[in-house]
Each structure stands twice: as C-alpha cells, then as structure tokens.
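For reference, the structure is listed below as structure tokens.
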Amino acid sequence: MKNYINKTLLAIGLAAGLSSCSDFEEINEDPFAANEEQVQVAYFLNNAITGAQQNPHVAERAFVLYWKAASRQDRTNTLPVGSASDGWSNDYFNAVSGWLNHVNTGIDIAHKQIEEGNIKEYSENVLQISRIWRVYLMSEMSDNFGPIPIEAFQEVNPEFASTKDVYYYMLAELKDATAKLDTELSEKPDDGLDPAFGFDYDKWNKYANSMRMRLAMRLSEVDPSMAQKEFEEAASNEFILNMDEAFAVQEKGGWDDFTAPMSRQWNAQYLSATLNDLFIGLGGIESTSVLGESFAPYVKDKDYAGLLYDEHFATKTNAPKAGFWFDGLYKEIDPRAYKAFGIPGDFDDSEFTFYPTWTSDARNTKRPLVDDAGEVLDSIDASFTWNASVPGSWGKKGAKNFLYSYIGTIPRMKLPFRDGSKKRIFFAPWESYFLVAEAAEKGWNTPMDGKTAYEEGIKANFAYWGLSSMVNEYLSSEEYNNAGTSVSWDHTSEPPQTHKMRYKNGYTGAESTVDIKYPNNHLYKDGQVKNDHLTKIITQKYIAHFPYLPLEAWSDHRRLGLPFFPNPAVENPLPDHPNLNQSNYMEVHQDFFPQRLKYPSGLRNSDSEGYQQAVNFLNGGDDVFTPLWWAQSE
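First residue of the sequence shown: 33, per the working numbering; consecutive thereafter.
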C-alpha cells in the first residue's frame with residue numbers, strides 16, 4: 033500500500049517543479065502505519081475540500097487580487113489593466129494542483145479497494161462524491177488557465193487536454209457519478225470529514241446536477257447543441273433550490289484554510305464602479321426605506337448627478353458619470369448595496385469595517401483635492417456619501433486627488449464578510465434559478481418558465497440579505513439603473529440614449545444640467561440592447577454572486593459580455609494593456625478585458641513540452657487577453 037500511495041503522489045506531473053506535500057501529511061494518522069483496510073478515502077476528500085477554501089495567502093492572490101478584480105467586484109489594478117504576478121499565479125497553480133492531488137489519490141485508492149472487495153457500505157458513495165468534487169476543482173483550474181490535464185495523478189505522465197475536452201470530460205463525470213450515487217443510503221463516514229454537506233448524499237446529488245447545469249451553460253455560445261443536451265438532462269433531475277441545500281462552508285478567523293478569503297485587513301474591499309452603476313436606481317427602492325428616515329438629510333434628488341471635478345476625476349473612460357463626485361446618498365438604490373457595503377462616516381453601524389484596525393484611516397473621511405502646485409484647492413468630507421471609481425491610470429488627476437481611493441471615503445465591504453462569521457458559498461439556489469431562466473430564454477426545455485425562474489432567483493437572494501419584505505416592490509420596478517437596465521421582467525422598453533440630470537461645478541458651485549449617456553456595451557448585441565431578458569438575468573445573477581462567486585461573475589462576462597463593465601481609465605497609457613488607449617476608450621471590445629491567467633513559470637521551466645502542448649490548445653498566445661474556448665465565437 034505504501035508503494036502504491038507513493039507512486040500515485042509522484043504522478044503529479046501537472047505541478048512538476050512546484051512545491052507540494054504528501055496528502056497523508058495532513059491527516060491525523062501516520063500514513064505508513066495504515067494498511068489498505070485502514071485507509072479512509074474520506075480523508076482525501078476532506079483535504080481537497082478544506083484546501084479549496086483557500087488560506088489567506090492563496091485567497092489574497094486568487095480570490096481577491098485576481099477573481100474579484102477581473103469580475104469588477106472590487107477596484108483593483110491587477111487583471112483589469114493586464115497586470116498579473118507570476119508569483120501569485122505560481123502560488124495558485126500549485127495550490128489547486130495540490131487539491132486535485134488529494135482528491136485524485138482518494139479516487140485511485142477507492143477504485144483499488146473496491147476492486148479488492150475491501151469496502152464499507154458507503155465506499156461507493158464516497159467515491160462518487162469525490163468524483164463530483166474533482167469536477168469542481170477541474171472547472172476552477174480550467175476557468176483560470178484553460179487547457180489542463182485530464183489524466184493527471186493517475187500514474188501516467190499528464191497530457192494537457194483542450195478546454196473543450198476538459199469540459200466534455202467534466203460533464204460526463206457528473207452524469208456518471210450521479211447515476212451511481214445511492215441517495216437512499218444512510219451509512220456514511222464521520223460528518224466532520226465533509227465540511228459542506230456532512231455526507232448528505234441527496235445534497236451532493238443536487239449539487240452535482242446544479243454544477244452540470246452551470247458547466248453546460250458555459251458552452252452555450254460556442255457549442256449550443258451540447259450545452260442544451262447536457263443542461264436539459266441535468267435540469268430534469270433534482271438540483272439546488274433552497275439555501276439549506278447550498279454548497280457553503282463555514283468560515284472562521286485566524287489563519288488556516290477556513291479563514292475568510294477576504295479577511296486580510298490591508299485589502300480595502302472597495303465598492304466597484306461596475307457594481308455601483310448596476311445598483312444605482314435599480315429596483316426603485318428609496319434609500320430611506322432601507323436606512324431609515326434619519327438618513328434623509330443626506331439623500332439627494334433623483335435627477336442630481338453630483339459635483340463635477342473633471343480636473344481631478346478621470347474622464348478618459350466610458351463610465352456613465354465619469355468626472356463626477358456624488359456628495360450624498362442616492363434617492364433610489366438596490367437595497368442590497370447598503371447590506372453589503374458600509375457608508376463612509378456611518379460609525380454607528382455595528383457592521384462597519386474599521387480595517388485596518390492599527391490605523392484610524394477608516395475614520396478619516398475628510399480628504400483634499402490639490403492644484404498643480406500641490407496647494408489644497410478643496411477639502412471634501414466624504415461622510416454619508418456614496419462613490420466608486422474605475423480602475424486604471426488616473427494620471428495627474430489621480431495625483432491631485434486624495435479622495436477617490438482612500439479607505440475612509442469609499443464604501444467598503446461590511447465586517448461579517450471579513451471576520452469569519454459567514455459561510456463561503458460555492459453554489460447557491462439563486463444561481464440555479466438564473467441558469468434556468470437563461471435556458472428558458474434560449475427556448476430549452478426547463479422545469480419552469482423564464483419569468484418564474486428569474487423572479488425566484490431574485491427572491492432567494494433577497495432572502496439571503498434579509499430583504500424579503502421589499503422584494504415584491506423591487507420586482508415590479510421599471511426604473512433604469514446607470515447601465516440602462518430595469519428589474520421588471522415584463523418591462524423591456526429600451527432606455528433613451530441620454531437622460532438629463534442636474535449637477536454643480538465642484539470648483540465654482542455653478543449649477544447646470546448635463547445629458548448623461550447610458551453606456552453602449554458593444555460586447556452584447558452591438559450595444560443596441562440594454563434591457564432585454566438576458567441582460568436582466570445576468571445583471572441579477574452578477575449582483576447575487578457578490579461577494580462569494582467572483583470567478584463565476586467573471587466567467588459570465590467572458591462568455592456573454594454582460595453585465596456592462598466600464599473601461600479602465602487611460603489618463604496615462606496602461607503598460608500591460610496595449611489594446612485600450614486614449615483613442616478608443618469609448619468603445620467596448622473583448623480584448624479590453626482579461627480572459628485568463630497565464631501559466632506560471634514553474635510549469636514552463638519544469639515541463640516545457642507540456643507547457644507548449646497547453647499553449648497550442650489555446651488558439652492564441654499564453655496571454656491574459658486570449659479568450660478561452662467557451663468564450664470564443666463559433
């Protein structure tokens with residue numbers, strides 16, 4: 033048994049040259065004191081699930097600095113400006129390879145035990161659950177890099193497979209694993225070895241079907257017949273429809289794999305311009321309905337755009353209100369905004385995040401704008417204001433602006449998502465509903481119609497945020513957000529090209545009006561459609577995926593170009609982003625947005641043949657802006 037295990041662990045060719053450790057180093061037994069009869073496959077599954085929660089080192093790099101940045105759920109100048117760290121990519125590549133190593137070793141041992149008749153009543157089910165979890169890990173790795181090995185960790189030198197082949201393999205695995213999973217079985221291993229479901233086989237079955245729906249939909253633009261077939265088969269079975277069926281794992285504080293991925297105090301976790309544009313006006317719910325009448329003095333009129341500081345705020349971007357600072361709270365806003373983000377200066381909010389706790393920065397809401405000579409031009413108190421800024425280069429404007437990217441002046445994610453008191457979500461019921469809504473919109477066979485699924489998805493997410501009392505009013509709203517999208521399923525009228533708003537010149541105080549454009553998102557129907565059913569579905573899915581599913585939000589944007597992402601500012605050229613410049617920043621093209629992670633140097637240096645094989649499958653260079661197969665045109 034020892035030789036078998038060692039041989040399996042050495043078959044990690046995928047991560048050759050990167051640091052790794054034996055699976056058995058992390059279980060509570062001496063591995064080589066165990067014989068075949070004593071080895072529990074569930075240990076390996078547990079290690080794979082536990083590791084994938086991402087300790088703070090890995091999470092900061094992958095979850096925060098890559099996924100949240102690329103999905104525009106945070107304002108970070110990494111992937112959005114074409115910048116990626118080889119060190120971060122090495123760390124993540126090594127980590128996900130290790131998780132796959134754990135689960136594949138368990139699967140190999142399970143097959144061997146079953147072949148030899150050395151089994152417990154639940155052995156077959158643990159094998160199938162391990163296969164289901166392996167699919168998730170493979171999908172996470174492939175959705176970051178593209179081509180990955182399918183045969184890795186199985187006592188062969190790993191050959192890289194195309195992204196298409198990886199997806200076909202994953203879909204087949206989910207279908208076969210669910211067919212062999214006995215959901216009626218009561219016997220199971222120790223609950224503690226499954227931090228997600230405690231070996232509730234029925235929930236694992238629903239998760240597998242939901243995952244199959246997710247992966248099938250990923251292929252909808254490039255392989256529609258395969259996507260429809262796989263989706264319809266999965267959706268004809270049971271899938272996740274309630275929060276108690278969600279794949280979610282309890283976080284905690286400290287520093288281990290279960291530490292909240294967004295817990296590091298030095299990460300500001302700002303409200304992004306993308307989220308803000310989607311929030312503002314969406315649903316027609318008034319701020320005072322969420323916050324209370326005591327906030328009424330800070331709420332501005334609905335037609336007010338704010339203060340224009342065009343010498344201090346970036347204007348070389350297609351963000352709808354570029355150049356403006358909003359000196360108050362919005363009349364109407366998606367109520368989830370105030371549940372997710374703290375208002376600057378609202379120190380009585382018990383969920384306000386004072387990170388980093390070793391400074392008073394979160395309490396410092398007053399910041400200056402200076403002139404070209406460095407003299408203070410104006411000092412602005414950001415207390416009870418609501419703003420977000422695009423990433424990119426702000427050039428001289430940024431150098432003169434000490435307001436737009438400072439901890440005390442911008443709404444930041446609330447404390448429960450940072451202190452370990454929440455559960456990290458991998459799949460929630462609202463995603464199932466939004467997938468069904470999209471499938472119905474495509475004319476596929478679905479268990480409910482598109483409108484019902486869409487509204488149930490919104491209801492499920494509002495329940496998560498404790499906002500169910502507002503959901504009916506929200507669902508009936510025909511108010512447009514800054515991107516030109518409304519909530520009501522039956523309201524598909526397109527917004528006008530512009531809408532007139534009042535504003536003040538921040539320098540002179542003069543009042544005037546301006547025609548604010550609804551942005552043209554050329555990635556979707558050439559920018560001519562902003563309020564159809566699919567835009568509504570993906571807008572709501574995007575908001576619902578905050579903050580735990582940034583990788584999925586990024587994947588939807590790569591696949592569909594939805595929702596609208598404003599371009600990074602190009603007041604100065606972006607050195608790592610040659611496609612976007614001062615002559616085209618009002619346009620929207622696929623190569624303006626990151627599409628993948630480059631393979632790390634650890635792979636290139638240790639397995640040059642495998643690396644070249646992977647790159648050959650990319651249909652483009654090993655570049656941040658090379659689209660993955662499922663994001664490419666037919």
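Backbone N, C-alpha and C fix where the C-beta goes; we use that ideal spot for every residue, glycine too.
#### Entry: Every unbroken beta strand (DSSP E) within the segment 505–554, with a cutoff of 3 residues, ordered by chain
530–537, 543–549
### Query
Does the beta-carbon distance from tyrosine 574 to lysine 348 come in below 8 Å?
no
### Query
Can you give the beta carbon distance from threonine 517 to methionine 533, rounded, assuming they're within the 8 Å contact cut?
The pair is not a contact, with the Cβ atoms about 18 Å apart (cut-off 8 Å).
### Message
Which runs of the alpha helix (DSSP H) at least 4 residues long sit entirely within the segment 265–333? Give them in chain order.
### Response
305–311, 319–323
### Task
Pick out the complete alpha helix (DSSP H) segments inside the segment 619–656, 4 residues or longer, and give them in chain order.
633–638, 640–648
#### Entry: Residues bridged to phenylalanine 192 (per DSSP)
Pro181
### Message
In this structure, how does DSSP classify leucine 97 when only helix, strand and coil are distinguished?
### Response
helix
### Query
glutamate 172 to serine 415, Cα distance in whole Å?
40 Å
### Task
Quick one: measure Cβ to Cβ for proline 352 and lysine 212, integer angstroms, because I've assumed they're closer than 8 Å.
The pair is not a contact, with the Cβ atoms about 51 Å apart (cut-off 8 Å).
### Query
Given alanine 209, which residues of its chain have a CB within under 7 Å of its CB, disregarding the five upstream and five downstream residues?
Gln160, Arg163, Ile164, Ala240
### Query
Is the beta carbon of leucine 169 sitting closer than 8 Å to the one on valine 113?
no
### Message
Do serine 382 and lysine 398 count as a contact pair if the criterion is CB distance below 8 Å?
### Response
no
### Task
Could you name each continuous beta strand (DSSP E) segment of 3 residues or more that falls completely within the segment 398–473, going from the start of the chain to the end?
398–402, 408–413, 455–459
### Query
Which class does valine 135 belong to by DSSP, given the choice of helix, strand or coil?
helix
### Task
Give the DSSP-derived three-state secondary structure of glycine 360 in the structure shown.
coil
### Query
How should glycine 541 be labelled, buried or exposed, when 16 other C-beta atoms within 10 angstroms of its C-beta is the threshold for buried?
exposed
### Query
Bridge partners of leucine 339, per DSSP?
Trp357, Lys536
### Sequence ranges, alpha helix (DSSP H) only - wholly within the segment 194–248, length at least 4
195–212
### Task
Have a look at asparagine 504 and aspartate 175 and give me their C-alpha separation to the nearest angstrom.
36 Å
### Query
Beta carbon of phenylalanine 192, beta carbon of glycine 489: below 8 Å?
no
### Task
Give the range of the alpha helix (DSSP H) segment to which arginine 725 is assigned.
Here the chain covers residues 33 to 666 and nothing more, so residue 725 does not appear.
### Query
Cβ atoms of glutamine 145 and isoleucine 151: under 8 Å apart, would you say?
yes
### Contacts around proline 19, its chain only, beta-carbon distance under 8 Å, and the 5 residues preceding and following it disregarded
Nothing in the structure corresponds to residue 19, since the chain is present only between 33 and 666.
### Message
Mapping the DSSP letters down to three states, classify phenylalanine 379 as helix, strand or coil.
### Response
coil
### Query
Using DSSP with H/G/I as helix, E/B as strand and the rest coil, what is isoleucine 161?
helix
### Query
With a CB to CB cut of under 6 Å and the five nearest residues on each side skipped, what residues in its chain are close to threonine 291?
Pro88
### Query
Is the CB-CB distance between tyrosine 675 and phenylalanine 345 below 8 Å?
This structure cannot speak to residue 675, because the chain is shown only from 33 to 666.
### Query
Going by beta carbon distance, what residues of the same chain come within less than 7 Å of alanine 300, once the five residues before and after it are set aside?
Ile439, Arg444
### Query
Going by C-alpha distance, which of His577, His609, Leu612, Asn611 is nearest proline 595?
His577
### Query
Over what stretch of residues does the alpha helix (DSSP H) that includes phenylalanine 76 continue unbroken?
73–83
### Query
The alpha helix (DSSP H) with glutamate 488 in it runs from where to where?
482–496
### Query
Which of helix, strand or coil does DSSP assign to phenylalanine 125?
helix
### Task
Mind reading off the beta-carbon distance from proline 227 to tyrosine 154? Whole number of angstroms is fine, and I expect it under 8 Å.
That belief does not hold up - the Cβ atoms of proline 227 and tyrosine 154 are roughly 17 Å apart, past 8 Å.
### Task
Could you check what DSSP says for glycine 374 in three-state terms: helix, strand or coil?
strand
#### Entry: Environment of phenylalanine 657 [buried if 16+ CB atoms lie within 10 Å]
buried
### Query
In three-state terms, what does DSSP make of isoleucine 575?
helix
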